[in-house]
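Residue numbers (the numbering used here): 145 to 281.
Reviewing the structure listed below.
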């Protein structure tokens, strides 16, 4: 990976949105919405969003991505560890796509989520898989 693969920009380099009810839980339930409602209040807050504010390269194929995470109506800063997964051609064949994986862990109580505490742990892992294009100048 070249040093330009993970580079800071002056605009948000990455924005992600997920349907809150689509998140996996470690217990069985008939409907994803039923699994998520006690934890994420998906009726009032159906989306989880993240928008990067800073990207920093930490190694040849790694970096950190800091930004604003909106979860259950609470916005908090979050920092993801980012790894470069590889480059490949887009299906159109007109340009290349870079793949990245990002992970962070948050304490759900920082976002006001306390359902089933203390029986349910406070740490939540959040993964993001992303693809981006780059120009050849």
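All residues carry an ideal CB built from backbone N, CA and C; glycine is no exception.
ask   = Beta-carbon separation of residue 247 and residue 212 under 8 Å?
value = no
message = Distance check for residue 201 and residue 285, CA to CA, integer angstroms please.
response = Lying outside 145 to 281, the shown extent of the chain, residue 285 is not represented and no answer is given.
message = Given a cut-off of 8 Å on the beta-carbon distance, is the pair residue 222 and residue 244 in contact?
response = no
query = Span of the beta strand (DSSP E) holding residue 209?
reply = Run containing residue 209: 206–215, per the beta strand (DSSP E) assignment.
Per-residue DSSP class, three states only, for residue 166 = DSSP places residue 166 within a helical segment (H, G or I) once states are collapsed to three.
key: Given residue 204 as reference, the closest of 219, 229 and 190 once Cα atoms are compared   = The residue among 219, 229 and 190 with its C-alpha nearest the C-alpha of residue 204 is 229.
inquiry  = Suppose you measure from the CA of residue 159 to the CA of residue 272; what does that come to, to the nearest Å?
reply    = 10 Å
task = Give the straight-line distance between the Cα atoms of residue 161 and residue 214, rounded to the nearest whole angstrom.
result = Distance from the CA atom of residue 161 to the CA atom of residue 214, rounded to whole angstroms, is 9 Å.
Cβ neighbour criterion (16 or more within 10 Å) applied to residue 235 = exposed
key: beta strand (DSSP E) segments (min. 3 residues) lying fully within the stretch 219–256   = Within the stretch 219–256, the complete beta strand (DSSP E) segments of 3 residues or longer fall at 240–251, listed in chain order.
key: Delimiting residues of the beta strand (DSSP E) encompassing residue 192   = 191–201
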